[in-house]
Amino acid sequence: MRLVVLACVLAGCHPYVAAGVSPTWKTTGPLAATSNVSTTSRTASAGDASVAPGTGNGYELEVGSSWHTIFVGVNAQVQDVTGSSVKALAYASQDPSTPRFVHATAALEVGWAWLHYSFLSSYIHAGPARSYLYDREGESNWGFGYRYGGALAASVGPVSVYADLHKTGLMFDRGPADGYSSTTGLTVGVAFHR
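So, in structure tokens, the structure goes:
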């Protein structure tokens with residue numbers, strides 16, 4: 281890690297931080313069966329467990345560094361966050377509507393800002409991902425996979441507003457999400473560059 285930081289300093293890299301919300305997203309595959317499941321139920325409330333739209337928002341935070349048109353960053357996401365899932369951090373055993381599963385993913389991404397016009401820009405990104413599925417009533421599992429996407433951004437000085445359409449593909453080898461699943465979403469957020 282020290283070598284990466286030193287290399288960025290010597291190369292003149294510019295750090296950035298970005299935060300966004302995904303008001304619309306969808307999960308397919310076995311992971312979809314873990315959406316909308318409370319601690320008192322065993323199956324998804326939706327009729328089709330192979331595709332589930334999120335009932336809550338997704339949130340993401342990314343930190344990284346850029347050099348000219350190339351950037352490298354670490355992106356962390358949580359999906360299906362609702363008022364009851366936040367409340368459940370303190371009162372999980374007292375509320376029967378508490379979501380049973382919590383799903384978070386982190387990805388190491390490389391991106392390329394391939395198009396610039398005035399204050400508008402567009403970029404693509406991709407990289408490996410690691411995911412954690414937390415089960416409040418049993419065993420938690422790790423999954424691995426990839427994340428990629430494309431975005432449009434409008435920048436004024438060091439501040440950018442962006443819209444990022446992305447897909448995450450994950451493979452779990454056991455547990456309730458055993459097999460391949462994917463999550464697609466649209467994230468809208470703000471980034472600060474140095």
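Residue numbers for the sequence shown follow this note's numbering, so the first one is 281 and each next one is one higher. Even glycine gets a Cβ: it sits at the ideal position worked out from N, Cα and C.
Distance between beta carbons of residue j and residue i, contact taken as under 8 Å
i    : j    : result
H348 : R474 : About 14 Å separates the two Cβ atoms, so there is no contact after all.
G423 : A457 : 7 Å
V470 : A299 : 6 Å
G425 : I404 : G425 to I404, Cβ: 18 Å. No contact.
D360 : S315 : 6 Å
Boundaries (first-last residue) of the beta strand (DSSP E) holding residue i
i    : result
P303 : 294-308
S398 : Where S398 is concerned, there is no enclosing beta strand (DSSP E), given that its DSSP letter is neither H nor E.
L466 : 459-473
D360 : 350-361
Y341 : This sequence places Leu at residue 341; Tyr is not what is there. Counting along the chain, the beta strand (DSSP E) containing L341 begins and ends at 337-347.
Within 9 Å, strictly: CB atoms of residue i and residue j
i    : j    : result
T304 : S461 : no
T385 : Y412 : yes
R410 : N355 : no
T464 : L450 : no
L445 : A431 : yes
F399 : V436 : yes
E342 : V297 : yes
E389 : T467 : no
G455 : N421 : yes
G338 : G344 : no
A387 : T448 : yes
F452 : P310 : yes
V358 : H383 : yes
Minimum length 3: unbroken beta strand (DSSP E) runs contained in the region 418-444: Annotation note: the region 418-444 contains the following uninterrupted beta strand (DSSP E) runs of length 3 or greater, listed N- to C-terminal: 421-436.
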